[in-house]
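Have a look at the structure below before the remarks.
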Amino acid sequence: MSAIDILNRDTTEAAPPSTAAAQKNGDILGRIGNLETRLARTAREIDAAQAVRYRVFVDEMKAQLPLEAMRRQRDVDAYDAFCDHLLVLDRTIEGDPEDQIVGTYRLLRQDVAIANGGFYSASEFEIEGLLAKHPDKRFMELGRSCVLPEYRTKRTVELLWQGNWAYALKHGVSAMFGCASFPGVYLESHALALSFLYHNVLAKNEWAVSALPHLARNMDLMPVEAVNPKRALMALPPLIKGYMRLGAMVGSSAVVDHAFNTTDVLIVLPISSISDRYLNYYGADAGRFAS
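Okay, so the sequence shown: first residue is 1 according to full-length UniProt numbering, each after it adds one.
Set out below in structure tokens:
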């Protein structure tokens, strides 16, 4: 059994969607139990998502943000103004929708990025080179993914992916990419996992991409024969394992982000590479968890 087979054994099931709910809530992208996913509707909801990001990135992961962001207790940057913000909400929490946000993702389409100065990931990775090799494709950047600790369950992750998939289909996206992070800034502490990614899911040929030369750090820290796949998979952050299940690849080098106290890798996921298993699971029309 390969490492990817081990990774794919535990797909869960969920209740079928409600057609009546779909008619009532046209902008809901998915629902499982008390959780639902949709794009932020208002500036207040975006502000609440930024507060969730602050709780995860600063309170939990010890990121060092600009003073104004620390004062406001919001993770905010210039990209927020023109990105779409995918939310997961717990509808059993009393209060306004802003009080119900428990997870978020930031989505940036290529046409929007071009009109507004580029992609966030381009500050760390050679994104322009990747785009230049695929002039016929539409790219989308995934970023700022976070979920509150008590909601880090499979169904929350599945709803985020349901939302991403529905959004990608709506906008004709051909490929997705984005930074994914390991905690901390010491690559050696993640040698097993980074080496596993390098040896098993490296983006090659027309999808090959590296970090900017002045930031690039070697991921090939252990020879392939020294990498235990089961142990490596256990050492991977859940988000990266989720990307791998879908069929994602990684760039050839990592970047240390001292401000966020992370080690970043670039995830590359062509829509054509998404495994049939997961296309069937989420639905080729994103209808699996549609509400």
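Just so it is clear, CB atoms sit at the ideal spot from N, CA and C, and this is done for glycine as well.
- Cβ neighbours of Asp220 within its own chain (closer than 7 Å, five residues either side excluded): Ser195 and Tyr198.
- Looking at the backbone, the Cα of Pro213 and that of Pro97 are separated by about 43 Å.
- Cβ-Cβ distances below 8 Å link Leu160 to Thr37, Leu86, Val88, Gly103, Tyr105, Ser145 and Val147 in the same chain, with the five nearest sequence neighbours on each side left out; the list follows chain order.
- A direct Cα-to-Cα measurement between His258 and Val185 gives close to 7 Å.
- Nearest to Asn205 by C-alpha distance, out of Tyr79, Asn34 and Leu130, is Leu130.
- A direct Cα-Cα distance of roughly 7 Å separates Met222 from Leu192.
- Non-local C-beta neighbours of Ala40 in its own chain, meaning closer than 7 Å and more than five positions away in sequence, comprise Ile46, Ala49, His85 and Leu87, ordered along the chain.
- Ala166 places its beta carbon 8 Å or farther from that of Ala248.
- Using a Cβ distance threshold of 8 Å, Ser181 and Pro237 count as a contacting pair.
- Bounds of the beta strand (DSSP E) holding Glu141 are Phe139 to Val147.
- Between Gly163 and Leu108, the CB-CB gap reaches or exceeds 8 Å.
- Rounded to the nearest angstrom, the gap between the Cα atoms of Lys154 and Ser252 is 28 Å.
- Taking all protein chains in view, the Cβ of Glu158 is crowded by 16 or more other Cβ atoms within 10 Å, so the residue is classified as buried.
- Asp111 has its alpha-carbon roughly 28 Å from the corresponding atom of Leu65.
- Taking 8 Å as the cut-off, the Cβ atoms of Ala254 and Leu187 count as close.
- Collapsing the DSSP output to three states places Pro270 in a strand.
- Residues of the same chain with a CB within less than 7 Å of the CB of Lys133, apart from the 5 flanking positions on each side, are Glu206 in chain order.
- The alpha-carbon separation between Gly118 and Ala232 amounts to approximately 34 Å.
- Within the same chain, Gln50 and Ala69 come within 6 Å of Val76 by CB-CB distance, once the 5 residues on both sides are set aside.
- DSSP, reduced to helix, strand and coil, places Gly242 within a helical segment of the structure shown.
- Counting only residues of its own chain and dropping the five nearest sequence neighbours on each side, Ile271 has a CB closer than 8 Å to the CB of Ala168, Val173, Ser174, Ala175 and Met176.
- Per DSSP, Tyr105 is one residue of the beta strand (DSSP E) stretching across Ile101 to Arg109.
- Rounded to the nearest whole angstrom, the CA to CA distance from Val209 to Gly242 is 20 Å.
- Assigned with DSSP and collapsed to three states, Asp264 falls in strand.
- Sorting Met61, Leu246, Val268 and Thr42 by C-alpha distance to the C-alpha of Asn280 places Leu246 at the top.
- If you compare the alpha carbons of Leu269, Thr92, Val52 and Val227 with that of Ile32, the shortest gap goes to Thr92.
- Within 10 angstroms of the beta-carbon of Leu35 lie 16 or more other beta-carbons, which makes it buried.
- The beta carbon of Arg44 is closer than 7 Å to those of Glu98 in its chain, skipping five residues each way along the sequence.
- Beta-bridge partners of Asn280 (DSSP): none assigned.
- In this structure, the straight-line span from the alpha carbon of Tyr54 to that of Arg74 is close to 5 Å.
- Rounded to whole angstroms, the Cβ separation of Leu266 and Ser121 is 6 Å, and the two are in contact under 8 Å.
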